[in-house]
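First comes the structure, then the notes that go with it.
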Amino acid sequence: MIKSVLFPLLVAVGMLAAAEARAHAVLVESTPPAEAEVVGNKVEFHLRYNSRIDAKRSRLSLKGPGGAKTLPPLQGDNEAELVARAEGLVPGRYILFWDVLSVDGHVSRGQVPFMTISP
Amino acid sequence: MLTTLPPDILAFFAVILRGLQLTAQSVVLGGVLFLFGFTRPLAPKLGGGRAAALERTGMHWTAKGGLALAVVAGLSIFATLSQLVAGLEIQPSDAMGADFVQWNLIMALAALALAVTARMQANPAQLPSLALLAVVVLGASVMSSHAFARVEEREYYILADALHQAGASLWIGGIPFMLLALSHVSASKDRLMVGMRFSHLFTGAVGLLLLGAAMLAWGYIATPGALIGTAYGIMTGAKAALLSVLLLLAAMNRRSTRSEAADKGQFRLRRFAEVEIGIGITVLMIAASMASQPPAADQTQHQATIMEIVERMAPIRPPRLVSPPSETLSIGMEKTAASETADKMWSEFNHNWAGIFVLAMGLGAMAQRMGVSAARHWPLLFLVIGGAIIVRSDPESWPIGPHGFFETLADPEVFQHRVVGLLLFPFGLFEWAVRTDRLKSERSALIFPILCAVGAGLLLVHNHTLTDVKERFLIEFSHIPMGLFGVMSGWLRWLEIRGDGRARQVAGLLWPVCFSMVGVLLMFYRELP
Numbered sequence: 002m003i004k005s006v007l008f009p010l011l012v013a014v015g016m017l018a019a020a021e022a023r024a025h026a027v028l029v030e031s032t033p034p035a036e037a038e039v040v041g042n043k044v045e046f047h048l049r050y051n052s053r054i055d056a057k058r059s060r061l062s063l064k065g066p067g068g069a070k071t072l073p074p075l076q077g078d079n080e081a082e083l084v085a086r087a088e089g090l091v092p093g094r095y096i097l098f099w100d101v102l103s104v105d106g107h108v109s110r111g112q113v114p115f116m117t118i119s120p
Numbered sequence: 064m065l066t067t068l069p070p071d072i073l074a075f076f077a078v079i080l081r082g083l084q085l086t087a088q089s090v091v092l093g094g095v096l097f098l099f100g101f102t103r104p105l106a107p108k109l110g111g112g113r114a115a116a117l118e119r120t121g122m123h124w125t126a127k128g129g130l131a132l133a134v135v136a137g138l139s140i141f142a143t144l145s146q147l148v149a150g151l152e153i154q155p156s157d158a159m160g161a162d163f164v165q166w167n168l169i170m171a172l173a174a175l176a177l178a179v180t181a182r183m184q185a186n187p188a189q190l191p192s193l194a195l196l197a198v199v200v201l202g203a204s205v206m207s208s209h210a211f212a213r214v215e216e217r218e219y220y221i222l223a224d225a226l227h228q229a230g231a232s233l234w235i236g237g238i239p240f241m242l243l244a245l246s247h248v249s250a251s252k253d254r255l256m257v258g259m260r261f262s263h264l265f266t267g268a269v270g271l272l273l274l275g276a277a278m279l280a281w282g283y284i285a286t287p288g289a290l291i292g293t294a295y296g297i298m299t300g301a302k303a304a305l306l307s308v309l310l311l312l313a314a315m316n317r318r319s320t321r322s323e324a325a326d327k328g329q330f331r332l333r334r335f336a337e338v339e340i341g342i343g344i345t346v347l348m349i350a351a352s353m354a355s356q357p358p359a360a361d362q363t364q365h366q367a368t369i370m371e372i373v374e375r376m377a378p379i380r381p382p383r384l385v386s387p388p389s390e391t392l393s394i395g396m397e398k399t400a401a402s403e404t405a406d407k408m409w410s411e412f413n414h415n416w417a418g419i420f421v422l423a424m425g426l427g428a429m430a431q432r433m434g435v436s437a438a439r440h441w442p443l444l445f446l447v448i449g450g451a452i453i454v455r456s457d458p459e460s461w462p463i464g465p466h467g468f469f470e471t472l473a474d475p476e477v478f479q480h481r482v483v484g485l486l487l488f489p490f491g492l493f494e495w496a497v498r499t500d501r502l503k504s505e506r507s508a509l510i511f512p513i514l515c516a517v518g519a520g521l522l523l524v525h526n527h528t529l530t531d532v533k534e535r536f537l538i539e540f541s542h543i544p545m546g547l548f549g550v551m552s553g554w555l556r557w558l559e560i561r562g563d564g565r566a567r568q569v570a571g572l573l574w575p576v577c578f579s580m581v582g583v584l585l586m587f588y589r590e591l592p
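Each protein sequence line maps, in turn, to chains F and E.
For the first sequence, position 17 (counting from the first letter as 1) is numbered 18 according to the numbering used here, and the numbering increases by one without interruption.
For the second sequence, position 3 (counting from the first letter as 1) is numbered 66 according to the numbering used here, and the numbering increases by one without interruption.
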């Protein structure tokens with residue numbers, strides 16, 4: 002009797018908190034910065050985080066006027082930095098979506114919106 | 064199948080699994096402390112037969128802890144793989160190469176080997192092997208923490224984290240083994256010897272814990288503003304508050320180990336130890352939740368100031384007793400400033416009314432204690448809260464919104480609220496049966512404090528979003544004192560049921576006060592500035 006009341010309640014209380022979970026890598030700095038205007042059709046992205054990132058198991062994708070495409074991220078100057086490059090961008094508004102895995106096992110997500118304009 | 068699980072649910076499971084991992088790890092390290100620091104050195108005083116029996120039982124528990132740790136580490140690997148496969152669309156075989164997965168694999172294998180070693184026939188290599196495997200477990204745990212992910216001064220953080228985890232595990236995990244030892248001795252001088260020995264061992268463990276904590280706080284928090292104005296900072300504060308309670312109990316226990324007259328039969332010490340285990344696990348769960356937060360020092364933007372927190376927490380207006388009309392909410396339409404304000408008013412109304420009922424229950428429990436017979440029905444108010452949660456938690460469905468009652472059940476949040484609301488009915492009825500003597504066993508009475516402590520503990524564990532960081536932080540700040548009062552009311556009620564003498568009296572007086580404080584905080588809960 003006790004277990005039949007206690008267990009479902011424990012599970013339920015646990016479930017109630019479930020929707021709130023988030024992970025923890027913080028984007029400290031980005032090039033281009035959020036809401037920046039970039040001149041030309043090429044962009045080199047540098048994303049610096051507060052913790053070491055597993056570049057091989059992280060994902061960057063770019064959405065804009067030409068649709069969406071995945072950018073293969075590479076490790077930058079240190080393990081907290083990701084680098085990627087996009088070319089052939091038409092002028093317009095883009096959003097870089099980042100999904101990164103920090104080496105302590107947490108997945109974090111975020112985005113960097115920016116504009117490209119003609120030279 | 065993995066890809067069907069929502070990432071947020073997976074991330075939450077990861078936090079719970081980390082908490083369970085720290086708990087199982089504590090049992091393992093506590094067991095090794097018991098063998099190395101108690102049964103072996105004290106064998107001559109305990110007598111050969113009794114020392115051997117204690118060691119066998121200690122090994123048995125340690126093996127169970129190891130097995131549990133292996134299972135939890137395995138589940139943790141599964142949860143991480145699921146996150147990587149579902150969230151990042153990485154192939155499972157590739158995901159297996161992630162550092163966290165590898166360290167958890169090492170932990171699972173070491174824990175399994177430890178369990179097998181502890182179950183073997185006694186042999187000269189057994190104890191050194193257990194110690195070595197416990198060190199591997201601790202090392203793997205440190206290497207799957209913030210410390211390992213730091214960019215700079217990594218060695219410093221790894222050392223600090225190792226000291227902190229070792230101290231916490233040896234202390235919290237050692238307590239059940241102290242209770243085990245106490246249950247095997249009957250003479251007064253033997254009980255005092257057990258108490259004294261563990262008192263010394265725990266003093267050393269607490270020293271490690273505090274040293275590691277100070278080193279981590281120096282690096283991860285760095286400034287007073289970060290301690291107060293970030294989720295990581297206030298969770299550190301919650302941990303420190305519960306640690307103070309643990310240290311107070313430990314100081315009282317120390318007196319129990321000095322003379323039989325101070326605590327006959329070490330009865331109080333044993334009851335306090337039960338509470339220490341419960342609060343200790345809560346602290347480990349908070350630690351697990353903090354592992355998924357950015358350290359406060361890294362959150363240089365969006366820190367709330369003391370004035371902003373005081374402004375939000377101050378009860379500057381009465382509870383919201385009138386709900387905004389449901390048609391003003393942002394149900395199924397694009398959000399506007401007006402509809403978002405209405406949403407927050409709706410939430411304030413729900414919280415404030417829940418607070419009134421929780422306060423009424425706390426006062427009811429006090430009145431019952433003072434002999435007001437009619438007040439014994441106070442647990443029935445849980446039914447009112449349960450009903451309100453079922454009806455009002457989802458304004459989009461019947462009877463408030465345009466959708467049918469069952470249409471929106473596929474939404475996990477709606478489903479969760481409805482399940483909790485529904486389950487408050489048997490919970491309320493159960494405690495009501497206890498209060499009205501329909502259920503008389505002590506075990507039945509313990510359900511209320513356990514759920515109270517677990518529910519409040521989850522309020523402390525619950526994570527904070529990384530979007531709209533400061534506003535969410537200000538909204539959720541009140542969860543921390545609510546959680547602390549809730550945890551305390553649960554364990555004080557536990558002491559009232561299980562304890563005796565003055566401890567029982569004081570606990571009986573205090574728990575309804577703590578419970579009522581949760582109600583007061585809910586009554587003045589605000590989402591609007």
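Quick reminder that beta carbons are idealized off the backbone N, C-alpha and C, glycines included.
If you're wondering where the values come from, they're calculated on a predicted model, not measured in any experiment.
Taking one beta carbon from each stretch, the stretch 181-196 of chain E and the stretch 156-163 of chain E have fewer than 3 pairs nearer than 8 Å; the two do not touch. Against chain E, a Cβ distance below 7 Å from His25 (chain F) picks out Ser355, Gln356, Pro357. Beta-carbon to beta-carbon, Leu97 (chain F) and Leu63 (chain F) are separated by about 5 Å, close enough to satisfy the 8 Å threshold. Contact between the stretch 551-564 of chain E and the stretch 511-521 of chain E is present, with at least three C-beta pairs closer than 8 Å. When rounded, the separation of the alpha-carbon atoms in Asp253 (chain E) and Leu98 (chain E) is 17 Å.
Annotated three-state conformation of Glu459 (chain E) is coil, per DSSP. Residue state for Arg254 (chain E) is assigned as helix, using DSSP reduced to three classes. At a cut-off of 8 Å between C-beta atoms, His107 (chain F) counts as an interface residue with respect to chain E. According to DSSP, Phe115 (chain F) shares a beta bridge with F:Ala37, F:Tyr95.
Note on the stretch 38-109 of chain F: whole beta strand (DSSP E) runs with a minimum of 3 residues are 44-50, 60-65, 68-72, 82-87, 93-102, in chain order. Annotation: Cβ neighbours of Arg213 (chain E) in chain F (cutoff 7 Å, chain order): Ser52.
Going by beta carbons, Met348 (chain E) and Gly82 (chain E) fall inside the 8 Å limit. Here Met241 (chain E) is not near Ile419 (chain E), since their CB atoms are 8 Å or more apart.
One alpha carbon belongs to Leu591 (chain E), the other to Ser410 (chain E), and they sit about 10 Å apart.
Close CB contacts of Val199 (chain E) within its chain, under the 8 Å cut and outside five residues either way in sequence, are with Ile169, Met170, Ala173 (chain order).
Within the same chain, and ignoring the five residues on either side of Pro120 (chain F) in sequence, the residues whose Cβ sits closer than 8 Å to its Cβ are Val40, Gly41. In this structure, Ser389 (chain E) lies near Gly464 (chain E), with their beta-carbon atoms less than 8 Å apart. For Val134 (chain E), the enclosing alpha helix (DSSP H) stretches over residues 111-151. It is roughly 10 Å from the alpha-carbon of Pro191 (chain E) to the alpha-carbon of Ala197 (chain E). Inter-segment contact for the stretch 223-234 of chain E and the stretch 275-290 of chain E is present: three or more beta-carbon pairs are separated by less than 8 Å. With a cutoff of 8 Å on beta-carbon distance, Pro489 (chain E) and Arg556 (chain E) are scored as not near each other.
The C-beta of Leu271 (chain E) has 16 or more other C-beta atoms within 10 Å across all chains shown, which makes the residue buried.
Beta-carbon to beta-carbon, Ala438 (chain E) and Gly427 (chain E) are separated by about 5 Å, close enough to satisfy the 8 Å threshold.
In this structure the stretch 363-383 of chain E does not touch the stretch 258-272 of chain E; the number of beta carbon pairs closer than 8 Å is below three. In this structure, the beta-carbon distance from Gly237 (chain E) to Leu96 (chain E) falls below 8 Å. Residue environment analysis places Phe548 (chain E) among the buried positions, since at least 16 neighbouring C-beta atoms fall within 10 angstroms of its C-beta. Of the candidates E:Ser145, E:Arg317, E:Pro358, E:Pro358 places its Cα closest to the Cα of Leu279 (chain E).
According to the DSSP assignment, Ser232 (chain E) belongs to the alpha helix (DSSP H) that extends over 217-246.
Residue-level contact check: Leu102 (chain F) touches chain E, since one or more beta carbons of chain E fall below 8 Å from its beta carbon.
For Glu80 (chain F), the chain E residues whose C-beta falls within less than 8 Å of its own C-beta are Val214, listed in chain order.
Counting only residues of its own chain and dropping the five nearest sequence neighbours on each side, Ala285 (chain E) has a CB closer than 8 Å to the CB of Ala359, Ala360. Under DSSP, no beta-bridge partner is assigned to Leu584 (chain E). Residue pairing from DSSP leaves His480 (chain E) without any beta-bridge partner. Collapsing the DSSP output to three states places His466 (chain E) in a strand. For Thr32 (chain F), the secondary structure class from DSSP, reduced to helix, strand or coil, is strand. Nearest CB-CB separation between Arg94 (chain F) and chain E: not below the 8 Å threshold.
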